[in-house]
Amino acid sequence: MVTVVLHNISSNSLLHWMIQPQLAMHIPDGFLNLPISLVTWVIAIALIALSLNRAQAEYQERAVPLMGVCAAFIFAAQMINFPIPGGTSGHLLGGTLAGVLLGPWAGSLVMAVVFIVQAVVFQDGGITVLGANITNMGLIGTFCGYYLYRTIRQTLGRDSWKGMAVGTAVAAWTSVFIASILCAVQISVSGTVPFAVAMSAMAFWHLLIGIGEALITLVTVSFIWRTRPDMLYDPPRKRRVSDSRSLVQR
Amino acid sequence: MSDNLSPSRNRAFFIAGLGVALLIAVFLSPFASKNPDGLDRVSQDLKFDHKAAEDAPARKLPFAKIFDEYALKGVPKAVATPLAGLAGTLATFGLAWGIGKLVVRGSGSSPTDDQVSPDSEPSDQPLD
Numbered sequence: 001m002v003t004v005v006l007h008n009i010s011s012n013s014l015l016h017w018m019i020q021p022q023l024a025m026h027i028p029d030g031f032l033n034l035p036i037s038l039v040t041w042v043i044a045i046a047l048i049a050l051s052l053n054r055a056q057a058e059y060q061e062r063a064v065p066l067m068g069v070c071a072a073f074i075f076a077a078q079m080i081n082f083p084i085p086g087g088t089s090g091h092l093l094g095g096t097l098a099g100v101l102l103g104p105w106a107g108s109l110v111m112a113v114v115f116i117v118q119a120v121v122f123q124d125g126g127i128t129v130l131g132a133n134i135t136n137m138g139l140i141g142t143f144c145g146y147y148l149y150r151t152i153r154q155t156l157g158r159d160s161w162k163g164m165a166v167g168t169a170v171a172a173w174t175s176v177f178i179a180s181i182l183c184a185v186q187i188s189v190s191g192t193v194p195f196a197v198a199m200s201a202m203a204f205w206h207l208l209i210g211i212g213e214a215l216i217t218l219v220t221v222s223f224i225w226r227t228r229p230d231m232l233y234d235p236p237r238k239r240r241v242s243d244s245r246s247l248v249q250r
Numbered sequence: 251m252s253d254n255l256s257p258s259r260n261r262a263f264f265i266a267g268l269g270v271a272l273l274i275a276v277f278l279s280p281f282a283s284k285n286p287d288g289l290d291r292v293s294q295d296l297k298f299d300h301k302a303a304e305d306a307p308a309r310k311l312p313f314a315k316i317f318d319e320y321a322l323k324g325v326p327k328a329v330a331t332p333l334a335g336l337a338g339t340l341a342t343f344g345l346a347w348g349i350g351k352l353v354v355r356g357s358g359s360s361p362t363d364d365q366v367s368p369d370s371e372p373s374d375q376p377l378d
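Residue numbers (my numbering), protein chains in the order written: chain R, 1 to 250; chain X, 251 to 378.
In structure tokens form, the structure reads like this:
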């Protein structure tokens, strides 16, 4: 009975949540136990610290406004849920996009900012579990996503649109999928829900949501590739060495 | 090969990018799907949604007096989400730019490379 009552209350608040744009994988406070929360905080802080260090060492001044714009775009895009068959919705995470545009270091800083603003200002995703959210939805994309994209691109043709496209799409989908698995692991190890059911459920929905991520990321990156390829973190190399103003042929 | 991509061209790109983000946040956000998303759906189906803390720390912050999740309080419902989107997008932009400004070294110090990454062999990134 207590459970039913609690469920009614939480259904009311869920109903309340449902009239807002929701976020795909933002873990609320209460879903993770203390050890898991701490571990994910440590991971997030370590990678952010590393990213701060590398960003300082490697980047040029032009990256600064690009970080602002990338963060703004990802924040905005995360508000736009697209429906998934089955009565669920998904939305862009953006980690791979940030990684492709800015590389893993500045990209990770961008993602961290997005999730911090969401959690602190808009109560989206718990603050105590912010480390997990940053890790799952940000750092997986900016690290795993970026390196997977780069590997595929090098394999298929670093300077070709096809290499970029396949790399971007596969990396984007994979990063969402991995993130959902990680999330399932974290909530099940925390004792919130048994692993097998959590995993299969999360994997199922995010197989689909990942397709949306791949599409949106690809469209965005492809547009930049065609208009301002120099804005990418690993720009395609120009065919003509001399003329630096020319845009790259695909 | 350095500064021939003019600053004004870059600025146009950044303004356009921010503009697109703002358009999305303000005008598209009311049309976002209201279905529960991935984790929400799973937590409802598997019945652990009640474990989310009712008294989340974020609700005790001053921002919670202004925003009820992605809705600005005290304004008509139709504009609550767009205004929250506007505020959030600008805040995120500013914070990310600010951190970039603090972290990224130098104002145009190196004249040789206009790109954000060292344009070297793809395989030797420094910290692999």
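Don't be surprised by glycine CBs; every beta carbon is placed ideally from N, CA and C.
Please read these numbers as outputs of a predicted model, since none were measured by experiment.
(message) Less than 9 Å between the C-beta atoms of G138 of chain R and A172 of chain R, yes or no?
(response) For the purposes of this step, residue 138 of chain R is taken as the residue at position 138 of the first sequence. For the purposes of this step, residue 172 of chain R is taken as the residue at position 172 of the first sequence. No. Outside cutoff.
(request) Starting from the Cα of S283 of chain X, find the closest Cα among R:A57, R:N81, R:L109, R:I127 and give me that residue. (result) Taking the second sequence and counting its residues from 1, one reaches residue 283 of chain X at position 33. Ranking R:A57, R:N81, R:L109, R:I127 by Cα distance to S283 of chain X puts R:N81 first.
(request) Just list the alpha helix (DSSP H) runs in the stretch 109-149 of chain R, keeping only unbroken ones of 4 residues or longer that don't cross its boundaries, in chain order. (result) 130-134
(request) May I ask which residues mark the beginning and end of the alpha helix (DSSP H) holding T220 of chain R? (result) Your numbering for residue 220 of chain R matches position 220 in the first sequence. 195-227 is the extent of the alpha helix (DSSP H) around T220 of chain R.
(request) Could you work out which residue in R:L182, R:G30, R:V113, R:S200 is closest to I45 of chain R when comparing CA atoms only? (result) The residue you call residue 45 of chain R lines up with position 45 of the first sequence. Of the candidates R:L182, R:G30, R:V113, R:S200, the one whose C-alpha sits nearest the C-alpha of I45 of chain R is R:V113.
(request) Would you check if the stretch 77-95 of chain R and the stretch 201-221 of chain R touch, i.e. whether three or more CB-CB distances between them fall below 8 Å? (result) yes
(message) Please list, in chain order, the residues of the stretch 188-212 of chain R that have any C-beta partner in chain X closer than 8 Å.
(response) T192, V193, V197, A198, A201, M202, W205, H206, I209
(message) Among the candidates R:G94, R:A76, R:R150, R:L93, whose CA atom is the shortest distance from the CA of L336 of chain X?
(response) Mapped onto the second sequence, residue 336 of chain X falls at position 86. Nearest of R:G94, R:A76, R:R150, R:L93 to L336 of chain X, Cα basis: R:A76.
(message) Just to confirm my understanding: we take C183 of chain R, look at its own chain, exclude 5 residues before and 5 after, and list those with CB closer than 8 Å. What are they?
(response) Numbered from its first residue, the first sequence carries residue 183 of chain R at position 183. Around C183 of chain R: M25, I27, A132, N136, M202.
(request) Classify T339 of chain X as helix, strand or coil using the three-state DSSP reduction. (result) Against the second sequence, residue 339 of chain X aligns to sequence position 89. Of the three classes helix, strand and coil, the one that applies to T339 of chain X here is helix, per DSSP.
(message) Check whether the stretch 341-358 of chain X and the stretch 53-73 of chain R are in contact - that is, three or more C-beta pairs closer than 8 Å.
(response) yes
(message) Please confirm whether G335 of chain X has its beta-carbon closer than 9 Å to some beta-carbon of chain R.
(response) Position 85 of the second sequence, counting from 1, holds the residue named residue 335 of chain X. With 9 Å as the cut-off, G335 of chain X counts as an interface residue toward chain R.
(message) If distances are taken between C-alpha atoms only, which option among X:S258, X:A302, X:G338 comes closest to L32 of chain R?
(response) Position 32 of the first sequence holds residue 32 of chain R. Among X:S258, X:A302, X:G338, the Cα nearest to that of L32 of chain R is on X:A302.
(message) Is V197 of chain R close to the ligand SAM? I mean its beta-carbon at under 8 Å from any heavy atom of the ligand.
(response) In the structure shown, the ligand SAM is absent, as is every other ligand, since no ligand is present at all.
(message) Quick check on I265 of chain X: buried or exposed, where buried means 16 or more other Cβ atoms within 10 Å of its Cβ?
(response) Counted from its first residue, the second sequence places residue 265 of chain X at position 15. The residue is exposed, with fewer than 16 neighbouring Cβ atoms inside 10 Å.
(request) Taking A55 of chain R as the query, report the chain X residues whose CB atoms sit under 7 Å from its CB, ordered along the chain. (result) On the first sequence, position 55 is the one that residue 55 of chain R refers to. Under the 7 Å cutoff, chain X gives V353, V354.
(message) With distance defined between alpha-carbon atoms, name the residue in R:G107, R:T96, R:F177 nearest to G141 of chain R.
(response) As a first step, residue 141 of chain R is located in the first sequence; it is residue number 141 there, counting from the start. Closest by alpha carbon: R:T96.
(request) Could you pull out every residue in the same chain whose Cβ sits closer than 8 Å to the Cβ of P194 of chain R, ignoring the five residues on either side in sequence? (result) Taking the first sequence and counting its residues from 1, one reaches residue 194 of chain R at position 194. For P194 of chain R, where only same-chain residues beyond five positions count, the Cβ hits under 8 Å are S188.
(request) Would you give the residue range spanned by the beta strand (DSSP E) that T88 of chain R belongs to? (result) Your numbering for residue 88 of chain R matches position 88 in the first sequence. That run of the beta strand (DSSP E) goes 88-90.
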